[in-house]
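Before any comments, here is the structure.
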Amino acid sequence: ATPTALMVGTGRGAQLGILLSGPEVLEKTRRIDTVVLDKTGTVTTGEMRVDAVHPAAGVTPEEVTTLAAAVEKGSEHPIGHAIVVAAQDLPVPEVDEFDAAHGVGVSGRVGPSSVAVSGPAHLDVELDEGLRNAIGDAQAAGATPVVVLRDGTPIGVIVVSDTVKPGAAEAISRMKKAGLRPVLLTGDNAGAARHVADIVGIDTVISDVRPEDKVAEVVRLQQAGATVAMVGDGINDAPALAQADLGIAMGTGTDVAIAASDVTVVDGDLNKVLDAIALSRATLRTIK
Ligand code: ADP
Ligand code: MG
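Positions in the sequence shown are counted from 1; adding 418 to them yields UniProt numbering.
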């Protein structure tokens, strides 16, 4: 590979809105056979909205929403943003001792109470039948339910959902035509993961994955012989982006994800992941 041709490839990438960390990235890109995609913010827009609030007996929906919003104010996760927006016309209390467990949830102290918002998979508490049904129905419908707890007691379920990016289905179809195997990798529940995978045409789904286990899933694919590109946007994707043979960050995502990656797709358009692969194949063919 001549340096000049690589520089031309890199410059062409920049024109397309694809930033490469260096010219050597083109060579890595050419060898990819598997593309692992994060769900939220990568395949979906990441602009989540609150669809429903299910309070436990004796609790009002406003209480559930405002307590959740108080702790989610400190979160950079799309779920947190959705809940804060849903509470914008309500009196949201202040939070102390905010803590975020990436890929799990958030917690903090609101007045005398400890409040937490977390995905149901990570909880070890009894839920009453109403809340259990709300969670089951939301997951079956492809949405994402989170549980709100006050002093360790579940006080409600908030259901959020997201939409698939325009162009995502086309990108996946192009990927398959180019001989690449797409895999959806997410910390979200199996129902929400399958729902998105079906819309865009991904067969292989790995769901309910904790952030630290996203790396392990990439390693597992690599050990099985795959050369893996990981596409992600979140803080929780950063280790997997670094581990992958090629890390591709959505420019619309967090700085941590961008720093961990070889390629940044400035506007988050998944079709540009394909453009990057096509560019590297074309550039390296020219130089051979
Ligand atoms: P993804 O892989 O789709 O980007 P994450 O790993 O960020 O998902 O999150 C996985 C799950 O952890 C979410 O579906 C949710 O159940 C829970 N979770 C993460 N962040 C939050 C938050 N700020 N509030 C509530 N739940 C959260
Ligand atoms: Mg994400």
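Glycine is no exception: its CB is placed at the ideal position from the N, C-alpha and C atoms.
Query                                                                                                          : Result
Coarse secondary structure for residue 548, derived from DSSP in three states                                  : helix
Stretch-stretch touch, CB-based, cutoff 8 angstroms, three pairs: the segment 451-459 with the segment 643-651 : yes
heavy atom of the ligand ADP below 7 angstroms from residue 613 C-beta                                         : no
Environment of residue 621 [buried if 16+ CB atoms lie within 10 Å]                                            : exposed
Simplified DSSP assignment, three categories, for residue 531                                                  : strand
Where residue 499 sits in the DSSP three-state scheme                                                          : helix
Contact belief for residue 504 with residue 607 at Cβ below 8 angstroms, rounded distance in angstroms         : Residue 504 to residue 607, Cβ: 20 angstroms. No contact.
Pairwise C-alpha distance: residue 695 and residue 526                                                         : 44 angstroms
Span of the alpha helix (DSSP H), counted from its first residue to its last, around residue 657               : 656-661
Backbone secondary structure at residue 691 - three-state DSSP                                                 : helix
Contained alpha helix (DSSP H) runs [length at least 4] in the segment 470-494, N- to C-terminal order         : 479-490
Segment contact flag, the segment 599-616 with the segment 487-496, C-beta cutoff 8 angstroms, min 3 pairs     : no
Per-residue DSSP class, three states only, for residue 442                                                     : coil
Residue 706 versus residue 445: straight-line alpha-carbon distance, rounded                                   : Only weak support is given to the placement of residue 706: the predicted model assigns it a pLDDT of 49, under 50, and the value that follows is read from those uncertain coordinates. Rounded to the nearest angstrom, the two C-alpha atoms are 12 angstroms apart.
Separation of residue 579 from residue 682, as counted between CA atoms                                        : 26 angstroms
Beta-bridge partners of residue 598, as assigned by DSSP                                                       : Bridge partners of residue 598: none, in fact.
Buried versus exposed, by CB contacts within 10 Å (16 or more), residue 583                                    : buried
Candidates 563, 515, 672, 483: closest to residue 626 by CA position                                           : 563
Buried/exposed call for residue 687, threshold 16 Cβ in 10 Å                                                   : buried
Limits of the alpha helix (DSSP H) - the one that residue 673 falls within                                     : 673-677
Residue 693 to residue 434 span [Cα, whole Å]                                                                  : 8 angstroms
The segment 485-494 contacting the segment 517-532, beta-carbon criterion three pairs below 8 angstroms        : yes
Residue 432, DSSP secondary structure in three states                                                          : helix
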